[in-house]
Amino acid sequence: MPIIEAKNLCKDFQVHVRTRGMLNSIKAIFHREYTIKHAVEDVSFSIEAGELVGYVGPNGAGKSTTIKMLSGILYPSSGEVLVRGIVPQEKRRENAMHIGVVFGQRSQLYWDLPLSEALYLYRKMYRVEPGRFADNVRRFVELLDMQEFIDRPIRQLSLGQKMRAELVVALLHDPVILYLDEPTIGLDIVAKQRIRSFIKEINAERKTTVVLTTHDMDDIEQVCTRLILINHGKLLYDGSLPLFHERFAGDAVINLTFNGEWRGFELQGVTDIKQTGYGKTSIHFDKKNILAADIMRVVMQTHNITDFQVNEPGLEDILSNIYQGKTIK
Amino acid sequence: MRYALLYWDFVKIQFRVAQEYRAAFLARSFAKAVANGASVCITYLTIYSFGHVLSWSAFEVMLLFSMNTIAYALAGFFMFHPFTKLQQRVNDGTFDEMLTKPLNPFFYLCSRDFSTGYFANLAVGIAALVVSFIQLDIKLSALKILWLVVVLIGTGMIHSGFFMLTNIPTFWLIKIDAIGRLRSTFESFIRYPISIYDTWIAVMLTYIFPFAFVNFFPAQYFLQKSDFMIFPPMLTFMTPVVGVVLMLMGYALFQLGIRNYKSSGS
Numbered sequence: 338m339p340i341i342e343a344k345n346l347c348k349d350f351q352v353h354v355r356t357r358g359m360l361n362s363i364k365a366i367f368h369r370e371y372t373i374k375h376a377v378e379d380v381s382f383s384i385e386a387g388e389l390v391g392y393v394g395p396n397g398a399g400k401s402t403t404i405k406m407l408s409g410i411l412y413p414s415s416g417e418v419l420v421r422g423i424v425p426q427e428k429r430r431e432n433a434m435h436i437g438v439v440f441g442q443r444s445q446l447y448w449d450l451p452l453s454e455a456l457y458l459y460r461k462m463y464r465v466e467p468g469r470f471a472d473n474v475r476r477f478v479e480l481l482d483m484q485e486f487i488d489r490p491i492r493q494l495s496l497g498q499k500m501r502a503e504l505v506v507a508l509l510h511d512p513v514i515l516y517l518d519e520p521t522i523g524l525d526i527v528a529k530q531r532i533r534s535f536i537k538e539i540n541a542e543r544k545t546t547v548v549l550t551t552h553d554m555d556d557i558e559q560v561c562t563r564l565i566l567i568n569h570g571k572l573l574y575d576g577s578l579p580l581f582h583e584r585f586a587g588d589a590v591i592n593l594t595f596n597g598e599w600r601g602f603e604l605q606g607v608t609d610i611k612q613t614g615y616g617k618t619s620i621h622f623d624k625k626n627i628l629a630a631d632i633m634r635v636v637m638q639t640h641n642i643t644d645f646q647v648n649e650p651g652l653e654d655i656l657s658n659i660y661q662g663k664t665i666k
Numbered sequence: 144m145r146y147a148l149l150y151w152d153f154v155k156i157q158f159r160v161a162q163e164y165r166a167a168f169l170a171r172s173f174a175k176a177v178a179n180g181a182s183v184c185i186t187y188l189t190i191y192s193f194g195h196v197l198s199w200s201a202f203e204v205m206l207l208f209s210m211n212t213i214a215y216a217l218a219g220f221f222m223f224h225p226f227t228k229l230q231q232r233v234n235d236g237t238f239d240e241m242l243t244k245p246l247n248p249f250f251y252l253c254s255r256d257f258s259t260g261y262f263a264n265l266a267v268g269i270a271a272l273v274v275s276f277i278q279l280d281i282k283l284s285a286l287k288i289l290w291l292v293v294v295l296i297g298t299g300m301i302h303s304g305f306f307m308l309t310n311i312p313t314f315w316l317i318k319i320d321a322i323g324r325l326r327s328t329f330e331s332f333i334r335y336p337i338s339i340y341d342t343w344i345a346v347m348l349t350y351i352f353p354f355a356f357v358n359f360f361p362a363q364y365f366l367q368k369s370d371f372m373i374f375p376p377m378l379t380f381m382t383p384v385v386g387v388v389l390m391l392m393g394y395a396l397f398q399l400g401i402r403n404y405k406s407s408g409s
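Just so you know, the sequences run in chain order Z and Y.
First residue of the first sequence? That's 338 in my numbering, and the numbers climb one at a time after it.
First residue of the second sequence? That's 144 in my numbering, and the numbers climb one at a time after it.
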């Protein structure tokens with residue numbers, strides 16, 4: 338049985354129509370016009386226990402809205418969410434015992450307390466057994482290297498330290514699901530990597546299901562095994578990462594540097610050849626139809642090649658094309 | 144029981160915070176004591192120079208004032224911050240946190256924002272209350288003292304109810320400052336016995352915005368007065384009931400509000 342199930346999930350918001358001009362403003366006080374914004378439209382998916390799911394889409398795509406419906410914060414306009422077989426909005430307290438949430442843009446730490454003390458409060462709130470509590474704290478502090486700042490008030494911590502503290506708070510009660518809404522936002526590379534490896538470690542160790550939204554594609558590539566893509570509130574893709582590359586990746590490119598004249602060539606699978614400068618050419622080709630090695634073999638017969646690189650489109654390139662509406666097939 | 148212990152833990156945190164910002168805490172307390180003390184004096188002096196208002200002597204009016212001050216302080220400790228900060232929490236989305244904890248959201252909201260800022264109000268209120276009782280030479284039996292405590296809790300609940308009912312609309316409206324101002328306007332009516340106003344104002348303060356139950360009605364039992372205007376005298380005993388009803392209404396509205404909570408995009 339899937340641990341998270343979303344069925345035909347929709348969320349609409351009413352948006353006031355803004356008017357211009359004095360007369361219209363006065364009119365608007367008495368009678369306002371609304372339009373309906375479909376933040377999430379007919380989204381369905383199911384997630385099995387232990388999966389690492391990356392939930393991506395451009396700003397305003399409906400990512401946070403979906404996560405908030407999954408975690409029980411927002412009520413869906415229509416459709417249904419089942420988490421561990423229950424409706425999170427109806428059994429809020431039971432649901433909360435089994436989930437952990439981190440909203441990267443919104444701290445839930447107690448500003449004036451050091452983490453070490455806040456954790457005791459959380460222990461009581463979630464009724465974590467003392468033995469289990471001690472084990473978890475020890476393990477998390479070690480994995481996230483937090484010894485140095487655990488006794489300092491939260492307000493004195495750096496962004497990266499705060500985010501680590503958020504993760505500990507979210508995981509203290511051994512939740513089976515962890516919702517992470519932009520957990521690496523604003524962090525430096527080292528801090529990001531630390532958080533990524535921590536998430537992977539916890540998932541491997543405890544089979545925690547992770548649903549993660551992010552704009553950093555390295556988060557997805559390094560952590561997630563599955564990708565769900567939405568745009569304008571609609572689901573565009575749901576499946577494994579390799580399959581995503583296969584389906585959406587555009588052409589790969591070989592950049593050549595050579596001596597002498599460009600003589601040209603033709604091959605099945607080569608989609609475009611561009612002269613990019615003196616002695617420089619880039620060859621676009623479809624990886625499904627031809628290998629880079631075959632192209633090079635042909636080109637080197639007639640040209641004196643001095644250097645070349647093969648570039649494949651990364652997740653970021655593919656997504657940016659999709660966000661701009663270019664390559665959707 | 145679990146909630147009581149947790150609540151106490153949160154209260155302890157607030158005291159620790161007050162300790163950390165000691166100067167701010169002391170300055171604020173001092174300012175409030177001066178402001179409240181001055182209000183007591185002004186009220187007293189006003190009535191004293193007129194001799195009395197209708198059948199109410201200066202110390203009787205001071206008793207009304209003290210009851211309202213105590214009520215406001217009690218509500219202030221427990222309910223002022225949770226609900227005055229609600230607007231911001233709802234608008235910036237930090238209310239999310241209330242909905243992802245294994246606790247009743249109402250309880251969690253209240254426990255996170257216990258305020259340590261009302262000791263001065265409470266002290267001034269109690270001092271004025273004691274002084275009034277002594278000056279009016281009112282002897283309180285043990286039973287009457289017990290009833291006084293119940294009444295004061297009830298008055299605190301009335302103010303709490305108003306804090307709730309005037310702030311919870313923030314789930315539907317983005318700006319609600321005007322509603323809060325309405326609340327304080329009506330509250331300022333009860334500095335004096337409401338029998339000095341036109342009947343329609345008294346009716347409004349009894350049945351629509353029942354601030355009259357904070358002092359005017361319950362005080363008359365202790366003062367053994369019968370200045371009930373057109374109202375049934377038994378209203379003097381109704382303060383705890385009114386308090387409970389207002390808070391239940393607030394709680395029901397809060398539950399509806401949660402359903403309408405929109406969070407904020409991030």
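For each residue, glycine too, the CB sits at the ideal point set by N, CA and C.
Note that the coordinates shown come from a computational prediction; the quantities given were computed from them, not determined experimentally.
What residues from chain Y crowd round residue i, counting only those whose CB sits closer than 7 Å?
| i | result |
| --- | --- |
| residue 601 (chain Z) | By Cβ distance, chain Y contributes nothing, its closest Cβ being about 51 Å from residue 601 (chain Z), past 7 Å. |
| residue 445 (chain Z) | 240 |
Are the Cβ atoms of residue i and residue j separated by less than 8 Å?
| i | j | result |
| --- | --- | --- |
| residue 304 (chain Y) | residue 393 (chain Y) | yes |
| residue 202 (chain Y) | residue 279 (chain Y) | yes |
| residue 557 (chain Z) | residue 393 (chain Z) | yes |
| residue 509 (chain Z) | residue 548 (chain Z) | no |
| residue 301 (chain Y) | residue 214 (chain Y) | yes |
| residue 196 (chain Y) | residue 183 (chain Y) | no |
| residue 107 (chain Y) | residue 407 (chain Y) | One cannot answer for residue 107 (chain Y) here, as it falls past the ends of chain Y, which runs 144 to 409. |
| residue 404 (chain Y) | residue 238 (chain Y) | yes |
| residue 562 (chain Z) | residue 588 (chain Z) | no |
| residue 348 (chain Y) | residue 371 (chain Y) | no |
| residue 307 (chain Y) | residue 222 (chain Y) | yes |
| residue 152 (chain Y) | residue 461 (chain Z) | yes |
What is the DSSP secondary structure of residue i, reduced to helix, strand or coil?
| i | result |
| --- | --- |
| residue 444 (chain Z) | coil |
| residue 356 (chain Z) | coil |
| residue 649 (chain Z) | coil |
| residue 417 (chain Z) | strand |
| residue 562 (chain Z) | coil |
| residue 199 (chain Y) | strand |
| residue 666 (chain Z) | Because the pLDDT of residue 666 (chain Z) is 44, which lies under 50, any placement of that residue in the model is unreliable, and the number read from its coordinates should be weighed accordingly. Three-state result, residue 666 (chain Z): coil. |
| residue 572 (chain Z) | strand |
| residue 345 (chain Y) | helix |
| residue 335 (chain Y) | coil |
| residue 626 (chain Z) | coil |
| residue 546 (chain Z) | strand |
| residue 174 (chain Y) | helix |
| residue 591 (chain Z) | strand |
| residue 511 (chain Z) | coil |
| residue 556 (chain Z) | helix |
| residue 525 (chain Z) | coil |
Which same chain residues end up closer than 7 Å to residue i when comparing Cβ atoms and leaving out the 5 residues on each side of it in sequence?
| i | result |
| --- | --- |
| residue 666 (chain Z) | Bear in mind that a pLDDT of 44 at residue 666 (chain Z), under 50, signals an unreliable position, so the number given afterwards is only what the model happens to contain. Closer than 7 Å at Cβ, skipping near neighbours: no residue. |
| residue 413 (chain Z) | 346, 347, 348, 406 |
| residue 616 (chain Z) | 594, 595, 596 |
| residue 602 (chain Z) | 635, 636, 639 |
| residue 376 (chain Y) | 369 |
Only counting the same chain, and skipping five residues up and downstream in sequence, which positions put a Cβ closer than 6 Å to that of residue i?
| i | result |
| --- | --- |
| residue 397 (chain Y) | 249, 311 |
| residue 514 (chain Z) | 436, 546 |
| residue 253 (chain Y) | 225 |
| residue 401 (chain Z) | 518 |
| residue 383 (chain Z) | 339, 342 |
| residue 528 (chain Z) | 497 |
For a contact meaning CB atoms closer than 7 Å, what does residue i contact in chain Z?
| i | result |
| --- | --- |
| residue 160 (chain Y) | 449 |
| residue 152 (chain Y) | 458, 461 |
| residue 399 (chain Y) | Correct list: empty, because the minimum Cβ distance to chain Z is about 12 Å. |
I want to verify the contact list: residues of chain Y whose CB lies under 9 Å from the CB of residue i, in sequence order.
| i | result |
| --- | --- |
| residue 433 (chain Z) | 242, 243, 244, 245, 246 |
| residue 438 (chain Z) | 239, 240, 243 |
| residue 409 (chain Z) | 242, 243 |
Can you name the residues of chain Z whose CB is closer than 8 Å to the CB of residue i?
| i | result |
| --- | --- |
| residue 402 (chain Y) | 412 |
Would the C-beta of residue i count as close to the ligand SAM, meaning under 7 Å from any of its heavy atoms?
| i | result |
| --- | --- |
| residue 602 (chain Z) | What this structure holds is no ligand at all, so the ligand SAM is not there to describe. |
What does a CB cutoff of less than 8 Å around residue i pick up in its chain, not counting 5 residues either side in sequence?
| i | result |
| --- | --- |
| residue 487 (chain Z) | 451, 452, 453, 478 |
| residue 463 (chain Z) | 434, 509, 510 |
| residue 344 (chain Y) | 332, 337 |
Applying a beta-carbon distance threshold of less than 8 Å, which residues of chain Y neighbour residue i?
| i | result |
| --- | --- |
| residue 350 (chain Z) | 405 |
> What runs of the beta strand (DSSP E), each 3 residues or longer, lie entirely inside the stretch 232 to 292 of chain Y?
Replying inline: Within the stretch 232 to 292 of chain Y, no complete beta strand (DSSP E) run reaches 3 residues.
> Which runs of the alpha helix (DSSP H), 4 residues or longer, sit entirely within the stretch 459 to 506 of chain Z?
Replying inline: The qualifying runs are 467 to 481.
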